[in-house]
Structure formats: C-alpha cells, structure tokens
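Here's the structure, in structure tokens; my notes come after.
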Amino acid sequence: MAKRSATVRRLSWVLGIPAATALAAFGVAAWQANAATPSPGPSPRVAAEPAGVSDPGPSPEPLVGTGNDPLTTHELARARAAALTPRLKAEARDVTGAAGPEYLWAEVVTDGAGRHAEVYYYDYRADKLVKQVVDLATGKVTGSYAAAGMQPPPARREVGAALGLLLAGPFAADLRDGYARATGRAFAGRDDIVVTAHVYDPRPADTGARRCGAHRCLQLVVQAVGGPFIDLSHLIVDLSGRRVARLK
Amino acid sequence: MGSTRAMGEAAAAVLILSAGLTATAVRPAVAQAPARCAAANTVRETLPNGTTWQLCWRIHARSGLVLEDVRISSRRYPESVRVLRSVTLAQLNVPYDSGETEYNDITDYGFGGEYLQTLAGDDCRGGSARVGSDGDAVPRRRKVLCVSAEASGPAYRLRNDGAPTKPYARQGHDLVLRTVSKVSTYEYIAEYRLHDDGEISARLGATGDLSPVDVGSADNGWPVGKGARGFATSHYHSAFWRVDFDLAGRGGEQVEQYDTRVAGRGSTAARLRTSRRVIAREGSFSKANRRWWRVVSRTARNADGHARSYELVTAASDVYEAHPETTPDVTFTQHHGCEKYATDNTDPQCAAGRSILDYARNAEIMTNPVMWVRVGFHHVPRDEDQSPMPLHWQGFDLVPRDFTEVNRLAPEARAGFNGRN
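Read top to bottom, the protein sequences are chains A and B. Taking my numbering, the leading residue of the first sequence gets 1, the next gets one more, and so forth. Taking my numbering, the leading residue of the second sequence gets 1, the next gets one more, and so forth.
Structure follows, in structure tokens:
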C-alpha cells in the first residue's frame, strides 16, 4: 500500500503540471525521448524542420570583459593585487596562521557602471569574511566589508589544511580504520583518497563543536580513489581553533 | 490594505481607458542598452518559427548558470525586446527526514567552480557545447553550457474553414540551456527552456546517486536493498530561483496578485469573481486555489495598450514547513545587489540580511522588484533510483501576459484577429 502511494506520488509529480504549462510538459517528454533515442524528432514535420543551433568554437579569452562578463584572467589578477591592501595583508591571517587573509574567490559586480570585482577572503585572526570591491578601470578598492558568522564554502587550500589537521590529530585512526574497512587495504596516505569538504554549522545537541559558525569549521567528505565513501561525518575540523572534534 | 486596493482600482481604470489607444500605443521601446556581455558569452539563436532569443550567460561560483539580458524577437515583432535582467538559482536546501543531515547545496558547495561538470558523452548530443569560465576561485575555461533547440510539440492548431485539410498548425520549439553540477553523489541539471511563444521555463533536474551516507528506517526512508535492508533516507530538495525582470528594458515593474472566488450563482453555473491586489511592498506569499502573480511594466504597453507583463505559473511544489524560509511559494523584494541567495546569504555588505525573510522584513516599497520562487520536492527514494538515478525535475514557468497583443506565433491569415471582432 505504501509502495503504491509512493508510485502515485511520483506520477503526480511528473504529470501534475497546470494546463498553462502544457508546452513545458511536452518539453519534458521531448527531453526524455531525446535522452532515450537521440534522433529523429517525434514527427515527420519536425524531422523536415530540424531545429539546429549555431556551434561557434571557443574564442580566445579577451584581456578584459564586457558588461557582466566573467572576470578574465588579467582582471582577476589585477583585482586580487588591488584587493590585498597593505593593511589587510598585515592584519589578517590565513588558514596556516601566516600573514595575509585566505583567498576564497572573486566575481564580477553586476550592479552599477563600469566593471568592478568583488574579492572574498577569510581572515582567521578576526574570524571574519572579508569582501573587497575593486574598480577594474582604476585598480582602486572602492568598498571594504567584513562580517563575522558568514561561512562560504572552503577553498581547496582550506580543505587540504583540514585534512592535515585530521591526520595529525587524535582521530586520524577514524580515517585509517574507515579506509581499511571500506577498501580492505591499509591507508597509505593522502593520495589514496579524494577529499572535499563543506562548512559545518553546529546543531543544538552538538558537543565539541559549539564554536563552529563563529569559527570556520569543515566536515570532510572522503572517498577512496575509484572506490567507496568513508563516512567521517562525526568529525569536525575547526580551522579557526586548529583542532578536530568528535560529535556526540 | 485599503490603499493598495485603491491603487489597484486606479490602475485598472487606466487600463480600460487606454484600451482604445491602439494607434498610439505602438511605439518603439526605449532604446535598448548595449549588450551586457561579449559575443563569446552571448547565445543568440532563431527557432524554426522565427522567434529569436538572445542572452548573456556566465557561471557564478555558487549560483552556477546565470542568464542575463534575456531578449526576444520574432517575425511579427522583429524588435529585440528585453524580458529578464537576470535569472539564476539562489539556493537548494536539502534536509533529510532523519533530522540528522541538511545541506544548502548552493551556498555550502555551489554549482560553479569545481562542482561544475565539463560536458562530455551524451551531455549535449544534438546541441552546441559552449566554452566559458567555470567561476572557480582560479577560473578555467571549459565546455560547460549546452545550447540546443528541441521540439516542444504542437504550438497551436486551428481548423481552417477555407481548407479543412490544412489547419493552421505549427510545431513549437524551445531554445534549451543546460549545465550540470555534481555535488557529492547528486548531480544537478540547471535548465532554462526559452519557448518560441515567449514562455520561459526554469527547472532543476536531479540525478547521480542517492546519498550513501544517510541510512534511513521504515518511517523516514525506503528499502532500496534486498528485503527490508538498505533504507535510503527520504529528503527534500527546496530550490529557489532569483528572477529579476526588465520588461521591455524599462525596469521598475509592479507586482500583482490575482484571486478568483465563487461569488454566487448565475442562471446556470457559479459566478466567479477575479480581483487584483497590488503588492506594493516587499513580502512573502503562498499559493491558494486559483491564485497567481504577475510582474507588470508600469510604462511598457503592447499594441492594444495593455501593460506588458509576465505571469508566474507554478507547478507541483511540496512545502517544507520546518523552516520559515522554505514555507512561502514566492517572495518579492526590492532589488539590492548584495541580496544574492534565498537563504544563508554570505555577503558582508548586507550582513543583516541573511535570507528572503530578512530582505522582506522591513516591507520596503518596491520600485525594482526581485522575485524569489521556491519549488520543493519531497523525495521518497525508490528501487529505481539506483543507479544512476533517473532525473526528477522541479521548476516553474514564466508566461507572457499581454507582452504582445496577439499570439507571437500567429500565422499571417490570422493577423486581423484581435479582440471580439
């Protein structure tokens, strides 16, 4: 009974589209049909009227972008150089504790005239997310903002640092044992695994990771190379506090 | 409330008065601003029925595919007219029914950068795989956007009384844009379908594999292994899109909500009355039977003198009432550049505004509204979800309402049919 209701539920999801979106429903059918049989179209009329699109090859990256184009390599370098002001470089700290903030990412600003970039950093000394706005025409910082308690996704360097803290800390065996159980092989080192991570926000019942949120904390997603995932969701790496905690 | 109703009535009166001004209503739109991107980041394609869609695209580290400066023209309406300033995903909240796991796939991971997949295999069969920056912290240029034109079935059909064997009938087509992002085991397709009749459909498809980590039980999952084993946990995908209209390039739209109630009996059937409420201030709204919303230009009119608008048409959507942010169906807010995500906003420039509910809290009067659309899907796994999981889709449509005075695709023989003539 429960199974049947689930089946009905799924059908209604696919078919329960208002009449006004009949075209969209046809679109679903066409996409699914195309996925199964790439060609030809569903009717001779369509076949006689192929709906092709142009296929421009890649063009070389320009030096600077137009309008809201993504930042070019040149613009990104210029923005990062300008955003890292002497004061920010001196006062902020990166994930290793070294001088200068941890670079996260940069993007084009889509409001206002002229091209501007937003460059995002994490300052591990102040535990703040920093945004520097750079006018790409003048190379000047036109806005500087910082806020605590904002934790965007980690940069690869931060994931690497988190793995380093885990392997050097008291719960390294959780990874080694988990890897051995999952693969039947002994864990030989970082090259055996693919690691990604997401920011961890504490839940009310958590112990050991209460400062996360204000601190920058990561939960690692570990997969054996070409193999299964190793569940380490009970471990939290507090990058701000440079320690590893076990939940519960 | 009284004032908004009065405003609505005043606007309705204007609408009726202007209906006779067809001769003066046809005028070129305000000169369109220059394109907001270089040719390499432009998609411009003409579908078989003669409709041309033109837009700029780019990949944002978090939001993934962003469409900007979306314009349409067609044989009957050759002037390229802007519809959208931008549209993009703005959050994907994925809580598991166990209560032990929850992700925000846009702001915890992102659909751009390392999560954005390079198109390969059948990803873009029959289409054009376009190269662009992947939005990573150190961007790479890769084949990430699939552009294709797909048949959408009959566009219209009308018996031709002069030639009964040759009805007025055309097959429709959509210009389709897709990117693929892999977040952990799930893979998501962000899709926009630009129909040749002016409709725009935004959808999110989910495929890949079920989470291997979340192990459910009989009351919060489904056994996908042999017998009563291998419970996969049920979960939600609450997706949000951020839609910023720029109707006819004029901006400054107004938001309206329409409701239809049973108002009594006529001689043979119930009498239904439709009323309009102008939504002048920021706020969140939920569906009710027959309720719909539209975003209306305050200045741009079609040749009939009717205000050009686009209507939000919502489809199936499960409400996740455990969060206040994932409960309303749509939120309208005044445009602020640093309000980027529906929840978990991470821009220090507007540190007090972390979600759509924060953005709308001060009920600011909207002169440049942004529409945040939520579509939820409660996914109870099934055996067939392994492996790979068949795509399941969720999304909504933006349907032109009075953007043109007749069907954009109408054949020449029907050119004179406008109104009760």
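Just so you know, even glycine gets a beta-carbon here, dropped at the ideal spot from N, CA and C.
Partner residues on chain A for residue i, Cβ-Cβ distance less than 8 angstroms
| i | result |
| --- | --- |
| B:I59 | P70 |
| B:G127 | V53 |
| B:P139 | P70, L71, T73, L76 |
| B:A415 | Neighbours of B:A415 on chain A: none; closest Cβ ~22 angstroms, over 8 angstroms. |
Residue(s) in a DSSP beta bridge with residue i
| i | result |
| --- | --- |
| B:M389 | B:G208 |
| B:L47 | DSSP lists no partner for B:L47. |
| B:N93 | B:N104, B:S238 |
| B:S437 | This structure cannot speak to residue 437 of chain B, because chain B is shown only from 1 to 421. |
| B:S286 | The partner list for B:S286 (beta bridge, DSSP) is empty, contrary to what the question assumes. |
| B:M371 | B:V243, B:F332 |
| A:Q219 | A:H198 |
| B:L272 | B:V262 |
| A:V102 | According to the sequence as given, residue 102 of chain A is Glu; it is not Val. Answer is A:Y122, bridged to A:E102. |
is_contact[residue i, chain B] using C-beta, thresh 7 angstroms
| i | result |
| --- | --- |
| A:P40 | Its pLDDT being 39, under 50, A:P40 is placed unreliably in this model, and the value from its coordinates should be taken loosely. False, the Cβ-Cβ gap to chain B never drops below 7 angstroms. |
| A:A82 | no |
| A:D174 | no |
| A:V237 | no |
| A:P202 | no |
| A:P58 | yes |
| A:H198 | yes |
| A:R152 | Note that residue 152 of chain A is Pro in the sequence shown, not Arg. Yes - at least one Cβ of chain B is within 7 angstroms of the one on A:P152. |
| A:H234 | no |
| A:D135 | no |
is_contact[residue i, chain A] using C-beta, thresh 7 angstroms
| i | result |
| --- | --- |
| B:C37 | yes |
| B:D105 | no |
| B:N289 | no |
| B:Y109 | yes |
| B:Q349 | yes |
| B:G208 | no |
| B:E405 | no |
| B:V131 | yes |
| B:G225 | no |
| B:P324 | no |
| B:H235 | no |
| B:H306 | no |
| B:G337 | yes |
| B:H379 | no |
| B:E253 | no |
| B:E187 | no |
| B:E68 | yes |
| B:G419 | no |
Chain A residues whose Cβ lies nearer than 7 angstroms to that of residue i
| i | result |
| --- | --- |
| B:E45 | V53, S54 |
| B:P212 | F229 |
| B:S148 | V53 |
| B:A228 | The premise fails here: B:A228 is roughly 12 angstroms from chain A at the closest Cβ pair, so nothing lies under 7 angstroms. |
Within chain B, partners of residue i - CB distance below 8 angstroms
| i | result |
| --- | --- |
| A:L129 | T346, P348 |
| A:V221 | S184 |
| A:S240 | Simply none; closest approach about 16 angstroms. |
| A:E91 | Residues of chain B passing the Cβ test: none, with the nearest at roughly 16 angstroms. |
Nearest-angstrom Cβ-Cβ length linking residue i and residue j, presumed shorter than 8 angstroms
| i | j | result |
| --- | --- | --- |
| B:S284 | B:R294 | That belief does not hold up - the Cβ atoms of B:S284 and B:R294 are roughly 17 angstroms apart, past 8 angstroms. |
| B:P369 | B:G221 | Their Cβ separation, rounded to whole angstroms, is 40 angstroms, which puts B:P369 and B:G221 out of contact at 8 angstroms. |
| B:V66 | B:S80 | About 20 angstroms separates the two Cβ atoms, so there is no contact after all. |
| B:G216 | B:S234 | 7 angstroms |
| B:G172 | B:N49 | 7 angstroms |
| A:D238 | A:A209 | 7 angstroms |
Element boundaries [alpha helix (DSSP H), containing residue i]
| i | result |
| --- | --- |
| A:P86 | 86–91 |
| B:Y359 | 356–361 |
| A:V120 | Reading the sequence as shown, one finds Tyr at residue 120 of chain A and not Val. It is not in any alpha helix (DSSP H) - A:Y120 instead sits in the beta strand (DSSP E) that spans 116–123. |
| B:R157 | No alpha helix (DSSP H) holds B:R157; the beta strand (DSSP E) holding it covers 141–158. |
| A:A161 | 156–168 |
| B:R265 | Where B:R265 is concerned, there is no enclosing alpha helix (DSSP H), although the beta strand (DSSP E) it sits in stretches over 254–265. |
| A:D174 | 172–183 |
| B:E68 | Counting along the chain, B:E68 falls outside any alpha helix (DSSP H), though it belongs to the beta strand (DSSP E) covering 64–73. |
| A:L76 | 73–83 |
Within chain A, partners of residue i - CB distance below 9 angstroms
| i | result |
| --- | --- |
| B:N41 | G65, T66, G67, N68, D69, P70 |
| B:A263 | Chain A residues near B:A263: none, gap ~23 angstroms exceeds 9 angstroms. |
| B:E364 | Within chain A, no residue comes near B:E364; the closest Cβ sits about 17 angstroms away, beyond 9 angstroms. |
| B:A232 | What B:A232 touches in chain A: nothing, since even the nearest Cβ is about 12 angstroms away. |
Closer than 7 angstroms at the beta carbon, the chain B residues around residue i
| i | result |
| --- | --- |
| A:Y145 | P348, Q349 |
| A:A155 | A137 |
| A:E158 | Within chain B, no residue comes near A:E158; the closest Cβ sits about 11 angstroms away, beyond 7 angstroms. |
First and last residue of the uninterrupted beta strand (DSSP E) at residue i
| i | result |
| --- | --- |
| B:H60 | 52–60 |
| B:F231 | 231–233 |
| B:T314 | 307–314 |
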